[in-house]
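Under our numbering, the residue at position 46 of the sequence shown is numbered 46, and the numbers go up by one with no gaps.
Here a beta-carbon is modelled for each residue, glycine too, at the ideal position from N, C-alpha and C.
Since the model is a prediction, treat every value here as computed from it, not as a measurement.
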Amino acid sequence: MSGSKKMYHVGLGVGDLPGFVLLPGDPGRVDLVLGFLDRGRVLCFK
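Next comes the structure, spelled out in structure tokens:
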């Protein structure tokens, strides 16, 4: 993958992600996990 092309299944491309990511697995846990983080944010939700 090069340039600004996005991956179809997540809608993210090279450079869209930080150095570390957390994948909670269950969408119902996203808000719970974000509650423990100072600068957490959702980048993609499908």
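- Per DSSP, Val33 is one residue of the alpha helix (DSSP H) stretching across 30–34.
- When the five nearest sequence neighbours on each side are left out, the beta carbons in the same chain lying within less than 7 Å of the beta carbon of Val42 are those of Val30, in order along the chain.
- In this structure, the straight-line span from the alpha carbon of Phe36 to that of Leu22 is close to 12 Å.
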